[in-house]
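*Asks:* This is the structure, below, for whatever I ask next.
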Amino acid sequence: MSGVSVGKRLYVEEYRIWKRNTPFLYDYVVSKALEWPSLTCEWLPGRRKVTGTDYFAQSILLGTHTTGNEQNYLMIADVRSPDYVDEDAGEPQGEGDGTVKSKLQEVEKVTIVQKINHEGEVNRARAMPQNCFLVATKSPNGQLLVFDTSRHMLKPSIAETCSPQLRLGGHKKEGYGICWNKRTEGQLLSGSDDALICMWDIAHGKKVGDVIDPARVFSGHQQAVQDVAWHYNQPQIFGSVGDDKKLMLWDMRSPDRSRPFSSVQAHEQEVNCLAFNPEVDSAVVTGSTDSTIALWDIRALDKSLHTLKGHEGDVFQVAFSPKSAGILASASADRRVMVWNLGKIQQNSKVSDAGDELPHELLFVHSGHTEKLNDISWNPDDIWSLASVAEDNIVQCWSPGSHITNAEESEAPVPSGEQGKPKDSKPEDPKEETRDKMDEK
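In this text, residue positions in the sequence shown follow full-length UniProt numbering: the first is 1, and each later residue adds one.
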């Protein structure tokens, strides 16, 4: 029997064990088998109570990654989740053998409600925070496409072609990194395999036909740019990571677009993802092919503050909880989503029932997928609720058990590099700040 076959059997057996234990691990978990794998997922804001029921509905962005000549789609799905958790039922809401007395048991938990034709697979899709009807996608031809989903039919006609409201030029190759500015409406960042970072202002950019060229292009990376992210509270600052192993910090006000104001080799192998903390201005994390996650203080990038170790494969996505600054989720090629409590970094490691030493920061492991993870998303309206998609064609929406999360509500703050320094790291004079940083090197 081949190693691949043995591996597949082990994955299936692990999944069966996970399935049997879901009642003890989750408050809520649902799975939906898609026709094609989705490389992207993002919860959309607006959790709404369904009249006459005991459950909520909320929308989530998905995409397709088809083969051959099959049509690809940007998709919106409705996910139904419980209004309460029946602790006496012995089952997580949404899964199980029907012992939960809820109208949610009688309806499909995840339903595709809109499909929009897309050119090639949807590498990534993200909704603009100020208007979630505007969705930007990364296509395999290098262009970014912007759709106003309110102007598209729920189901495209057979003859309908891909008709985005805008096409964003500037990249020569495809990629995955994409991020809307949360403070400045219409500003969109993108990083791709051409080693470039492009920024568009879709509200004020000059449009030729339906194409907008980037307002600015940044060229500091030497290899593919895997991810980009705006700072949450400083709208002129953003970060980027790439195959050159670098974490770079940029200031939009600087005239030098080929040199970041701060840079560091963040890992021993390629860096795939990054995320700024929504509450702690100085904190950023990076995830790498070396299977680790590094925590950084952007005021002093000479050395990482801490390294999270637990994954056994490439880390493809990291995301801070929008509700709790110290809670981080990570997704990996090892088929797992890990949820970390950074407030426990200073504590000693713990030992599992099997005798293995576990990092004390590790709060929860979601093992519901049988192939590598592609994307994760925190629900902005439902604390502790996440979505995940993987190469196994499955989208899962889930919430760890309250008996686990309640113990974490009083977590310590995210560690920072130096106590007493001001939170605001925004350089007042980009030229001087850049010189100072380079002199320090």
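Just so you know, even glycine gets a beta-carbon here, dropped at the ideal spot from N, CA and C.
(1) May I have a chain-ordered list of the alpha helix (DSSP H) segments no shorter than 4 residues that lie completely inside the region 235 to 316?
(2) Check whether the region 287 to 294 and the region 263 to 276 touch, using three or more Cβ-Cβ pairs below 8 Å as the test.
(3) Can you tell me whether T137 is helix, strand or coil according to DSSP?
(4) Should the region 214 to 226 be regarded as contacting the region 158 to 167, the criterion being three or more beta carbon pairs within less than 8 Å?
(5) Would W230 and N277 be called neighbours here (beta carbons separated by less than 8 Å)?
(6) With C-beta atoms as the reference, is K173 less than 8 Å away from G142?
(7) Counting pairs of beta carbons, one from the region 316 to 324 and one from the region 364 to 383, are three or more of them closer than 8 Å?
(8) What whole-angstrom Cβ distance do S282 and I298 have, given they're in contact under 8 Å?
(9) Would DSSP call V389 helix, strand or coil?
(10) With distances taken Cα to Cα, identify the nearest neighbour of V284 among M248, P260, E312 and P255.
(11) Does the pairing of the region 67 to 84 with the region 12 to 26 give three or more beta-carbon distances under 8 Å?
(12) Do three or more CB pairs link the region 185 to 193 to the region 126 to 138 at distances below 8 Å?
(13) Spatial neighbours of R336 within its chain, please: C-beta separation below 6 Å, excluding the five flanking residues on both sides.
(14) When you compare only the Cα positions, how much space is there between L34 and T40?
(15) Determine the DSSP secondary structure at A325, reduced to helix, strand or coil.
(16) Pick out whichever of T370, P255, V241 and D256 has its Cα sitting closest to the Cα of V264.
(17) What does the Cβ neighbour count give for I158, buried or exposed, with the cut at 16 atoms within 10 Å?
(18) What residues match up with I376 in a beta bridge as DSSP calls it?
(19) Suppose the cutoff is 6 Å on Cβ atoms and the five residues either side in sequence are ignored; what does the same chain contact list for L154 look like?
(20) With DSSP as the reference, label Y232 as helix, strand or coil.
(21) P214 by DSSP, collapsed to three states: which one?
(22) Whole angstroms is fine: what's the gap from L10's alpha carbon to G175's?
(23) Per DSSP, Q58 is paired with what?
(24) Does DSSP classify I404 as helix, strand or coil?
(25) Near A412, what residues of its chain come up, given a Cβ to Cβ distance below 6 Å and the 5 sequence neighbours on each side ignored?
(26) Measuring straight from C-alpha to C-alpha, what distance separates A300 and V280?
(27) Quick check on DSSP: helix, strand or coil for V12?
(28) First and last residue of the beta strand (DSSP E) that includes L362?
(29) Runs of 3 residues minimum, wholly inside the region 134 to 181: which ones carry the beta strand (DSSP E) assignment?
(30) Let me make sure I understand the geometry here. Which of W384, R259, T370 and K372 has the alpha-carbon closest to that of F320?
(31) Identify, in the order they occur along the chain, each residue of the same chain with its Cβ nearer than 6 Å to the Cβ of M252, setting aside the five sequence neighbours on each side.
(32) Please report the Cβ distance between F147 and L74, rounded to the nearest whole angstrom; I am assuming they are in contact, meaning their Cβ atoms lie under 8 Å.
(33) In angstroms, rounded to a whole number, what distance separates the CA positions of C179 and E371?
(34) I want to see whether chain C comes within less than 8 Å of Q114, judged by CB atoms only; does it?
(35) What are the boundary residues of the beta strand (DSSP E) that N341 is part of?
(36) Report the rounded CA-to-CA distance for L62 versus L358, giving the unit in angstroms.
*Replies:* Let me lay it out:
(1) Those alpha helix (DSSP H) runs which fall completely within the region 235 to 316 and span 4+ residues do not exist here.
(2) As far as the Cβ criterion goes, the region 287 to 294 touches the region 263 to 276, which means the pair count is three or higher.
(3) Within the sequence shown, numbered from 1, the residue matching residue 137 stands at position 137. Note: T137 maps to strand in three-state DSSP.
(4) Inter-segment contact for the region 214 to 226 and the region 158 to 167 is absent: fewer than three beta-carbon pairs are separated by less than 8 Å.
(5) To locate residue 230, count along the sequence shown from 1; it is residue 230. To locate residue 277, count along the sequence shown from 1; it is residue 277. No. Outside cutoff.
(6) Here residue 173 refers to the residue found at position 173 when the sequence shown is read from its first residue. Here residue 142 refers to the residue found at position 142 when the sequence shown is read from its first residue. Annotated as proximal: K173 and G142, with beta-carbon spacing under 8 Å.
(7) Yes, since at least three Cβ pairs between the region 316 to 324 and the region 364 to 383 fall closer than 8 Å, the two stretches touch.
(8) Translated into positions along the sequence shown, residue 282 becomes position 282. Translated into positions along the sequence shown, residue 298 becomes position 298. Yes, S282 and I298 are in contact; Cβ-Cβ is about 5 Å, under 8 Å.
(9) The count along the sequence shown starts at 1 and reaches residue 389 at position 389. Residue state, collapsed to three classes: strand.
(10) Taking the sequence shown and counting its residues from 1, one reaches residue 284 at position 284. Distances from the CA of V284 to each of M248, P260, E312 and P255 were compared; the closest alpha carbon is that of M248.
(11) Because the criterion of three Cβ pairs below 8 Å is not met, the region 67 to 84 and the region 12 to 26 do not touch.
(12) Judged by pairs of C-beta atoms under 8 Å, the region 185 to 193 touches the region 126 to 138, as three or more such pairs exist.
(13) Here residue 336 refers to the residue found at position 336 when the sequence shown is read from its first residue. These residues qualify, in order along the chain: V365 and S367.
(14) Locating residue 34 in the sequence shown gives position 34, where the first residue counts as 1. Locating residue 40 in the sequence shown gives position 40, where the first residue counts as 1. Near 13 Å, if we compare the C-alpha coordinates of T40 and L34.
(15) Indexing the sequence shown from 1 puts residue 325 at position 325. Coil, per DSSP.
(16) Reading the sequence shown from its first residue, position 264 is the one you call residue 264. It is V241.
(17) Residue 158 sits at position 158 when you count from the first residue of the sequence shown. Of the other Cβ atoms in all chains shown, fewer than 16 fall within 10 Å of the Cβ of I158; this residue is therefore exposed.
(18) Position 376 of the sequence shown, counted from the first residue, corresponds to residue 376. The partner list for I376 (beta bridge, DSSP) reads S388.
(19) Against the sequence shown, residue 154 aligns to sequence position 154. Around L154: Q114.
(20) Position 232 of the sequence shown, counted from the first residue, corresponds to residue 232. Coil, per DSSP.
(21) Translated into positions along the sequence shown, residue 214 becomes position 214. Here DSSP, grouped into helix, strand and coil, assigns P214 to coil.
(22) Against the sequence shown, residue 10 aligns to sequence position 10. Against the sequence shown, residue 175 aligns to sequence position 175. Distance between the alpha carbons of L10 and G175 is about 32 Å.
(23) The sequence position of residue 58 within the sequence shown is 58, counting from 1. Q58 is bridged to V79.
(24) Counting from 1 along the sequence shown, the entry for residue 404 is found at position 404. Looking at I404 - three-state DSSP - the assignment turns out to be helix.
(25) Reading the sequence shown from its first residue, position 412 is the one you call residue 412. The pLDDT assigned to A412 is 46, lower than 50, so where the model puts this residue is not dependable; a value taken from the coordinates is nonetheless given after this. So the qualifying residues of the chain are G343.
(26) One-based indexing of the sequence shown puts residue 300 at position 300. One-based indexing of the sequence shown puts residue 280 at position 280. When rounded, the distance between both Cα atoms is 15 Å.
(27) Residue mapping note: residue 12 aligns to position 12 of the sequence shown, counting from 1. DSSP places V12 in helix when its eight states are reduced to three.
(28) What you label residue 362 is simply residue 362 of the sequence shown in a count that begins at 1. That run of the beta strand (DSSP E) goes L362 to H366.
(29) Segments of the beta strand (DSSP E) lying fully in the region 134 to 181: 144 to 148, 166 to 168 and 177 to 180.
(30) What you label residue 320 is simply residue 320 of the sequence shown in a count that begins at 1. The residue with the shortest Cα to Cα distance from F320 is W384.
(31) In the sequence shown, the residue the question calls residue 252 occupies position 252. Non-local C-beta neighbours of M252 in its own chain, meaning closer than 6 Å and more than five positions away in sequence, comprise Q236, ordered along the chain.
(32) Here residue 147 refers to the residue found at position 147 of the sequence shown. Here residue 74 refers to the residue found at position 74 of the sequence shown. Taking a contact as a CB-CB distance under 8 Å, the pair F147 and L74 counts as one, their CB atoms being some 6 Å apart.
(33) As a first step, residue 179 is located in the sequence shown; it is residue number 179 there, counting from the start. As a first step, residue 371 is located in the sequence shown; it is residue number 371 there, counting from the start. E371 has its alpha-carbon roughly 26 Å from the corresponding atom of C179.
(34) Absent from the structure is chain C; it holds one protein chain and no more.
(35) Start at 1 with the first residue of the sequence shown, and residue 341 comes out as number 341. DSSP places N341 inside the beta strand (DSSP E), whose first and last residues are V337 to N341.
(36) Within the sequence shown, residue 62 is the residue found at index 62, counting from 1. Within the sequence shown, residue 358 is the residue found at index 358, counting from 1. If I take the Cα positions, the gap works out to 33 Å.
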